[in-house]
Amino acid sequence: MESVYEKGHRSWVSEKVCLGDYFSKFEAAVPNTTGATRNIMVPKLMDVSLSREEIKILSDTCSIDQLQVPEEPRVVDVKCVKTRPGLFDKSKMPETSELETLKFLSKRIVNEEVIGNLKYRSGIWITDTVSKARDLKVGKQFLVIVRVYEPFRHKVGIRKNHPPRCDQEIVLLGHQMLTDLRDKIHCPSDFAVAGELSENPDADLTQRTMDVYKSGFIFIEDTFYNDFRHHTNLDYSHVIRKWAATHGLGPFKTACMEKTKFEDLTVRMGYPYVYQHQGNCEHLIVFSDARLLHGNDSLTSKSYPCYRSLSSANARYCMLCNLYIARWITCENERVPYDPCYFCEHCFRSYNYVDGKKVGKFKAYRFFDKTTAL
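And the structure:
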């Protein structure tokens, strides 16, 4: 993996870190600066002798609320809309203003109707309600943030111009298992209905692929962590390890996903690892951050794992009416100009069937749009 990814040329990739050992030492080295000592430390840090009443008056006077001006954009309730406020939100410009910055901003708003797919605008940020029940202690446990990327196809010798898109960011506790991460990852291929259904579109659709094909692994450093929670699960890594042995790669180790905690892992921040399921559906996963719990985090263990952000990708709409989200996909359909072609429920049945009988030759599969997965 190192020979492919060129670790030495990636400044954002850290050295290997054993998460459990690192945070055990870090916790002991961090002084206790929270709780009742906060009010005492503030004047000490400011190097002034002020009473609590004077500090409160000073805090209110310097509050950001004092910076509001007339016709200021309304405050966005992030918890309500579950999205991060835009970095370039439009606001009404005073017509009499002589500030050059406002003049240029007015021109930019007119000229820029579409803002690019920037890192901090392409995701929906999630803010969960903080529970009153608290069984976690600030500074005693640590969080791990994992970025999960959309699956993509790769052909040897062909380099894509655009990088993989981050689909979801998941926050987990250090004592949680790798299976908690796998169960939190939402992928449309898990919700698909196996089989070709053009001859019988009304077939029983209750059994999803995730209920049939339960195998999967997460590859981190030199170890394949396989999911063996079900006795029918297969070792997906067997064929990979067998191939690697004949090509001078490895050796690789295997372990059980359901028996491995995050605190037991040795990882590199910013380094791409792999999650594979449903046979050949591969996702890149990246450990982007790890830190101790603080007071603004949810201190309820049942709140984890949770999402920090989700991709804001648009839904796939029907190619005929362009009004409703696609529910079917057809291949080798001689009566449409697209292959594959996406249909909503109504267009699929009204265009491809007459009195319940199939018209023409085509293959039909249930389509599950990822925007409806959560």
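With UniProt numbering, letter number 47 in the sequence shown gets 47, and the count goes up by one each step, no holes.
All C-beta atoms in this analysis are idealised placements derived from N, C-alpha and C, irrespective of residue type, glycine included.
Given the structure is predicted, the values throughout are model-derived calculations rather than measurements.
| Check | Outcome |
| --- | --- |
| Per-residue burial, Met46 [other beta carbons within 10 Å of its own, 16 or more giving buried] | exposed |
| Range covered by the alpha helix (DSSP H) that runs through Pro188 | Pro188 to Phe191 |
| Selection from Ser24, Pro340 and Gly270 that minimises the alpha carbon distance to Cys166 | Gly270 |
| Exposure of Thr179, with buried meaning 16 or more beta-carbon neighbours within 10 Å | buried |
| For Val212, the three-state DSSP class (helix, strand or coil) | helix |
| Residue burial classification, Trp243 (beta-carbon count within 10 angstroms, cutoff 16) | exposed |
| DSSP beta-bridge partners of Ile185 | Its beta-bridge partners do not exist; DSSP assigns none. |
| Cβ-Cβ distance between Leu293 and Gly139 below 8 Å | yes |
| Minimum C-alpha distance to Leu284 - residue among Asp60, Arg147 and Leu143 | Arg147 |
| Under 8 Å between C-beta atoms of Leu172 and Pro305 | yes |
| Ile329 and Phe362 closer than 8 Å at C-beta | no |
| Residues that Leu284 bridges to, as DSSP identifies them | Val274 |
| Option in Ile145, Val354 and Ile325 with minimal Cα separation from residue 458 | Residue coverage of the chain in this structure runs from 1 to 374, which leaves residue 458 outside it and unanswerable. |
| Cβ-Cβ separation, Thr371 to Ala133 (assumed contact under 8 Å), whole Å | Wrong, their Cβ atoms sit about 32 Å apart, outside the cutoff. |
| Local conformation of Asp289 per DSSP, three classes | strand |
| In chain order, each beta strand (DSSP E) run of at least 3 residues that lies wholly inside the stretch 309 to 343 | 328 to 331 and 341 to 343 |
| Cβ neighbours of Ser14 in the same chain (closer than 7 Å, five flanking residues each side left out) | Arg268, Met269 and Gly270 |
| Through-space distance from Leu67 to Cys80, alpha-carbon basis | Confidence is the limiting factor: at Cys80 the pLDDT is only 45, short of 50, which leaves the residue's position unreliable, though a coordinate-based value still follows. Taking the straight line from one Cα to the other gives about 24 Å. |
| Bridge-paired residues (DSSP) for Phe368 | For Phe368, which the question treats as bridged, DSSP gives no partner whatsoever. |
| Ser189 and Gln276 closer than 8 Å at C-beta | no |
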